[in-house]
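J.: Got a structure for you, written out below as structure tokens; questions coming shortly.
Number of protein chains: 2
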Amino acid sequence: MENFEYYNPTRLIFGRGSIARLAEFLPTGQKVLLTYGGGSIMANGVHRQVREALAGYEVLEFGGIEANPEYSTLRKAVQICRQEDVDFLLAVGGGSVLDGTKFIAAARFFDDGDPWRMCVDDVVIERALPLASVLTLPATGSEANAGAVISHRELGQKRPFMSDLVRPKFSILDPETTFTLPTRQTINGIIDAFVHVVEQYVTYDVNTPLQDRQAEAILSTLVEEGPKVLADPRNYDARANIMWCATQALNGLIRCGAISDWGTHMIGHELTALWGLDHAQSLAVVLPGLWRHEKQRKRNKLLQYGERVWGIRDGDENARIEGTIAKTVAFFQSLGVKTNPADYDISEDGYAKVADRLAARGAILGEHDAIGRSEVISILKLCN
Amino acid sequence: MENFEYYNPTRLIFGRGSIARLAEFLPTGQKVLLTYGGGSIMANGVHRQVREALAGYEVLEFGGIEANPEYSTLRKAVQICRQEDVDFLLAVGGGSVLDGTKFIAAARFFDDGDPWRMCVDDVVIERALPLASVLTLPATGSEANAGAVISHRELGQKRPFMSDLVRPKFSILDPETTFTLPTRQTINGIIDAFVHVVEQYVTYDVNTPLQDRQAEAILSTLVEEGPKVLADPRNYDARANIMWCATQALNGLIRCGAISDWGTHMIGHELTALWGLDHAQSLAVVLPGLWRHEKQRKRNKLLQYGERVWGIRDGDENARIEGTIAKTVAFFQSLGVKTNPADYDISEDGYAKVADRLAARGAILGEHDAIGRSEVISILKLCN
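Sequences listed follow chains A and B, in order. Start counting the first sequence at 2; every next residue gets the next number (the numbering used here). Start counting the second sequence at 2; every next residue gets the next number (the numbering used here).
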């Protein structure tokens, strides 16, 4: 096992009716900026529940944070925080609203040039507004971690930043808020959580049997519960199980002492930046190709994953690995997500573009730092 | 799934050489009281490592905290904290030192009568000294939770208390500190962690598939790694895996949204108070009897546990449950722990004494509140 540090102080309040408890956790006398996305919280009653729970607080609102939260949008919220002297940010929505709100929280006090530098330079964030969340879309794990991914359309960039200072103070997770999610978002969330797990698990073995099993626990549960919510979107327990899986998938726990990859995400971000794929779609496209390309280096973990999550025990190792990748692809497709680049009108000509963009910023990917420009192209050729 | 709250802000620093990093996490200028137990930290070099890391701090020491930490001992440390105006407590040891230090931290500011009231009355703890730990014995999970169990020999009582205020600010877990543990303590730790898990898992099902699998992950890993450390006490990875299992077993995670029991612990505490059994011994004695007694109410979970942890799939349900309990007993015995009350000179006459003590304070045990005085006696008769 590798040495590690684990720290996750976000308080999680989980279950039916939890939104009504908001004021228990939010310090009194705070001027709150409620941030949200495209307005689904107006239609599904979440906005009303939140505002009722916030009676007694001074509340401003900032809506319109888009999927793949956009720098130029977030800058406007930063201005509001400064002008209105906001004390506390409450993100109500999914991972994009949360990530965008984390950016707002840190940018509020950033005075060392353009706050986009937080995403591209090696900047240490020294202060941030406190924030919390009411999660309405289980997917990214942002409700209980220190990370965010922000897009800058003008520059055509999509980049992560991390700071303990932007960890939510608390997050409220009420599975009922997800009953009315569009199917596509439900599916994307399941795939996002699934790929978060495998990026931290299907690497090379450093003797972390508990963390491995914790990872497999999430994967098996997603495989089991995913079809249930598609069959019955108001199945409370299935919604709750998926919500808890997504949080556990990226809260820092399963990566403790283990080796992470993140190559699929890094390549996937470029597909989103270039062709507008949903984040989960980009992951479902890239992962199979990356695994085929890396099947020697990931051999033992692919075999273990195949056996424990998919029950694949027969045949020689190569056949089992092929079978394991095929099962994973079939799972994505069974949820209705297309996994071939051509399905998204990405032709082979585009592969070099992806590789060039990664190479231009010196990105060497994978847990062995062995995936450079030519390997990215090879990986994309193996995607289908 | 049931509604729940999860909060665990303790920072964990895990791995070889971590003690040297102490000063990174301890605020400067603090007057520190280093608490410890019987002195094994002097023999194994941990004390030296800690003191070196604390160069630059004013450090007092309080040794002699015993297994099943004793109220009268802890009172002396409370006096020191008051007289010397101690700022910060650093527990260096196992669960007993940690639990005792938690009591010291809260008793320091307790001024509403005898601080034993924190353990027996419904007292809300309003202030505590900050504390942290260097863990040397993986077992209780106290390094990352809000609980402590304290003994009061004069009253013949052993009781838990809980407060978020006594959560360690950080805990340092270096598996190398456990290389020289006496075999008995190593074994006790494995059993303690194992029973912590089953108390939160082998109950009744409320649809928590992820939490179930997280519990099974810990159990399977303990079963796998336990024999390795007995065979080779300096096996770093096996020590690390057991240490991480013990922390995960009682950090609040696997009980999220699920149903806990704790009947085995409550009965076991009485065996310790009356006959001086090690905590883990008491659990190994009580658990099989409790499961036999509760096999209808715990039916589905016992079957699931038997199948997933022990691979028991054949035979009718009763046979599988018997086989599952037998496997568990055999596991405890394979570690060298005796599981029959008679092994500890506890005769059937004593069973009523246990039951009377629990009944005297109105304890009704088990996840169905169905274990009263007569059931406790029946359970003990089924122990062997």
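Glycine included, every Cβ here is placed at the ideal spot set by N, Cα and C. Source: prediction; values computed, not measured.
(1) Using a Cβ-Cβ distance cut-off of 7 angstroms, determine whether Y306/A contacts chain B.
(2) Distance check for P210/A and L156/A, CA to CA, integer angstroms please.
(3) Less than 7 angstroms between CB atoms is the rule here; does I14/A satisfy it with respect to chain B?
(4) Pick out the complete beta strand (DSSP E) segments inside the segment 9-96 of chain B, 3 residues or longer, and give them in chain order.
(5) Along the alpha helix (DSSP H) that carries P161/B, what are the first and last residues, could you check?
(6) Any residues in the segment 188-222 of chain A with a beta carbon nearer than 7 angstroms to a beta carbon of chain C? Which ones, in chain order?
(7) So, with DSSP's three-state summary, where would you put A149/A?
(8) For T265/B, collect the residues of the same chain with a Cβ closer than 7 angstroms to its Cβ; drop the 5 residues on either side in sequence, then sort them by chain order.
(9) Quick check on this structure: which residue in E323/A, A56/A and S261/A has the alpha carbon closest to the alpha carbon of A24/A?
(10) Going by beta-carbon coordinates alone, are K159/B and V87/B separated by less than 7 angstroms?
(11) Where do the ends of the beta strand (DSSP E) carrying F111/B lie?
(12) Assess, as a yes-or-no matter, whether the segment 300-312 of chain B is touched by the segment 242-256 of chain B under the definition of 3 or more beta carbon pairs within less than 8 angstroms.
(13) Does any C-beta atom of chain A lie closer than 7 angstroms to the C-beta of E6/B?
(14) Counting C-beta neighbours from all protein chains within 10 Å, is the total for D233/A 16 or more, i.e. buried, or is it exposed?
(15) Tell me which same chain residues have a C-beta within less than 6 angstroms of the C-beta of I326/A, skipping the five on either side of it?
(16) Note down, in chain order, each residue of its chain lying with its Cβ closer than 7 angstroms to the Cβ of D115/A, except the 5 sequence neighbours on either side.
(17) Spell out whether any CB of chain A is found under 7 angstroms from the CB atom of A21/B.
(18) Specify, as a first and last residue, the run of the beta strand (DSSP E) that L174/B falls within.
(19) Under 7 angstroms between beta-carbons, which chain A residues line up against R17/B? List them in chain order, please.
(20) In chain order, what residues of the same chain have a beta carbon less than 6 angstroms from the beta carbon of S143/B, not counting five sequence neighbours either side?
(21) With DSSP run on the structure shown, which of helix, strand or coil describes S283/A?
(22) Could you run through the segment 231-251 of chain A and flag, in chain order, every residue whose CB is less than 7 angstroms away from some CB of chain B?
(23) Is R185/B near the ligand PLP, going by C-beta to nearest heavy atom under 6 angstroms?
(24) Please report the Cβ distance between P176/A and R109/A, rounded to the nearest whole angstrom; I am assuming they are in contact, meaning their Cβ atoms lie under 8 angstroms.
(25) For the candidate residues Y205/B, L90/B, R362/B and G363/B, whose alpha-carbon lies nearest to that of S261/B?
(26) Give the residues of chain A in contact with N146/B, contact being defined as C-beta atoms less than 9 angstroms apart.
(27) Beta carbon of Q215/A, beta carbon of I243/A: below 7 angstroms?
(28) Mind checking if P10/A is an interface residue toward chain B, Cβ cutoff 7 angstroms exclusive?
(29) Taking all protein chains shown into account, decide if G269/B is buried (16 or more other Cβ within 10 angstroms of its Cβ) or exposed.
(30) Keeping to the same chain, check which residues put their C-beta closer than 7 angstroms to that of A140/A; ignore five residues upstream and five downstream.
(31) How should E53/B be labelled, buried or exposed, when 16 other C-beta atoms within 10 angstroms of its C-beta is the threshold for buried?
(32) Measuring CA to CA, which of T11/B, S134/B, F111/B and F26/B is closest to V47/B?
(33) With a 10 Å radius around its C-beta and 16 neighbouring C-beta atoms as the bar for buried, classify A320/A as buried or exposed.
(34) From G367/B to G38/A, what distance separates their C-alpha atoms?
(35) Which of helix, strand or coil does DSSP assign to L182/A?
(36) Between the alpha carbons of G337/A and F15/B, how many angstroms are there, rounded?
T.: Looking at the atomic coordinates:
(1) By 1-based counting over the first sequence, the position of residue 306/A is 305. Not closer than 7 angstroms to any Cβ of chain B, the Cβ of Y306/A fails to qualify, so no.
(2) Locating residue 156/A in the first sequence gives position 155, where the first residue counts as 1. Locating residue 210/A in the first sequence gives position 209, where the first residue counts as 1. Rounded to whole angstroms, L156/A to P210/A spans 42 angstroms at the Cα level.
(3) Translated into positions along the first sequence, residue 14/A becomes position 13. With respect to chain B, the C-beta atom of I14/A has a partner C-beta closer than 7 angstroms.
(4) Correct list: 32-36, 59-63 and 89-94.
(5) The count along the second sequence starts at 1 and reaches residue 161/B at position 160. Segment Q158 to M163 is the beta strand (DSSP E) holding P161/B; no alpha helix (DSSP H) there.
(6) Although the question refers to chain C, the structure presented lacks it and instead comprises the protein chains A and B.
(7) Here residue 149/A is taken as the residue at index 148 of the first sequence, counted from 1. DSSP places A149/A in strand when its eight states are reduced to three.
(8) Translated into the one-based positions of the second sequence, residue 265/B becomes position 264. V196, E200, L284, V287, L288 and L291.
(9) Position 23 of the first sequence, counting from 1, holds the residue named residue 24/A. Selected option, being the one with the closest Cα: A56/A.
(10) Taking the first residue of the second sequence as position 1, residue 159/B is located at position 158. Taking the first residue of the second sequence as position 1, residue 87/B is located at position 86. No.
(11) Along the second sequence, one-based indexing puts residue 111/B at 110. Careful: F111/B lies outside any beta strand (DSSP E) and carries neither H nor E.
(12) Taking a cut-off of 8 angstroms on C-beta distances, the segment 242-256 of chain B does not touch the segment 300-312 of chain B, as fewer than three cross pairs fall below it.
(13) Here residue 6/B corresponds to residue number 5 of the second sequence, with the count starting at 1. Chain A contact via Cβ: present.
(14) In the first sequence, residue 233/A corresponds to position 232, counting from 1. Around the CB of D233/A, fewer than 16 other CB atoms lie within 10 Å, so the residue is classed as exposed.
(15) Within the first sequence, the letter at position 325 stands for residue 326/A. Here the set comprises P289 and W292.
(16) Position 114 of the first sequence holds residue 115/A. Counting only Cβ-Cβ distances below 7 angstroms, and skipping sequence neighbours, we find nothing.
(17) In the second sequence, the residue the question calls residue 21/B occupies position 20. Interface annotation, A21/B: not in contact with chain A, CB-CB separation never under 7 angstroms.
(18) Reading the second sequence from its first residue, position 173 is the one you call residue 174/B. Residues F171 to L174.
(19) If you number the second sequence from 1, residue 17/B lands on position 16. Result: N4.
(20) Position 142 of the second sequence, counted from the start, is the residue given in the question as residue 143/B. So the qualifying residues of the chain are G96, L99 and D100.
(21) Numbered from its first residue, the first sequence carries residue 283/A at position 282. DSSP places S283/A in helix when its eight states are reduced to three.
(22) Of all residues in the segment 231-251 of chain A, D238, A241, N242, W245, C246 and Q249 have a Cβ within less than 7 angstroms of some Cβ in chain B.
(23) Ligands in the displayed structure: none, and consequently the ligand PLP is not present.
(24) Here residue 176/A corresponds to residue number 175 of the first sequence, with the count starting at 1. Here residue 109/A corresponds to residue number 108 of the first sequence, with the count starting at 1. Incorrect: roughly 31 angstroms between the Cβ atoms, too far for contact.
(25) Taking the second sequence and counting its residues from 1, the one referred to as residue 261/B is at position 260. Closest in alpha carbon position to S261/B, among Y205/B, L90/B, R362/B and G363/B, is Y205/B.
(26) To locate residue 146/B, count along the second sequence from 1; it is residue 145. Under the 9 angstroms cutoff, chain A gives no residues; its nearest Cβ is about 14 angstroms from N146/B.
(27) For this step, residue 215/A is matched to residue 214 along the first sequence. For this step, residue 243/A is matched to residue 242 along the first sequence. No, these two residues do not count as a Cβ contact at 7 angstroms.
(28) As a first step, residue 10/A is located in the first sequence; it is residue number 9 there, counting from the start. Chain B contact via Cβ: present.
(29) For the purposes of this step, residue 269/B is taken as residue 268 along the second sequence, with counting starting at 1. Note on G269/B: 16 or more other CB atoms within 10 angstroms of its CB, so buried under the neighbour-count rule.
(30) Translated into positions along the first sequence, residue 140/A becomes position 139. Closer than 7 angstroms at Cβ, skipping near neighbours: G95, G96, N189, G190, D193, A194 and A247.
(31) Within the second sequence, residue 53/B is the residue found at index 52, counting from 1. With a threshold of 16 other beta carbon atoms within 10 Å, E53/B falls short and is exposed.
(32) Numbered from its first residue, the second sequence carries residue 47/B at position 46. Comparing Cα positions, the closest option is S134/B.
(33) Residue numbering aside, residue 320/A sits at position 319 when the first sequence is read from its first letter. A320/A comes out exposed.
(34) Taking the second sequence and counting its residues from 1, one reaches residue 367/B at position 366. Taking the first sequence and counting its residues from 1, one reaches residue 38/A at position 37. G367/B and G38/A: Cα-Cα distance of roughly 46 angstroms.
(35) As a first step, residue 182/A must be located in the first sequence, where it is residue number 181. Three-state result, L182/A: coil.
(36) Locating residue 337/A in the first sequence gives position 336, counting from the first residue. Locating residue 15/B in the second sequence gives position 14, counting from the first residue. Roughly 41 angstroms separates the two Cα atoms.
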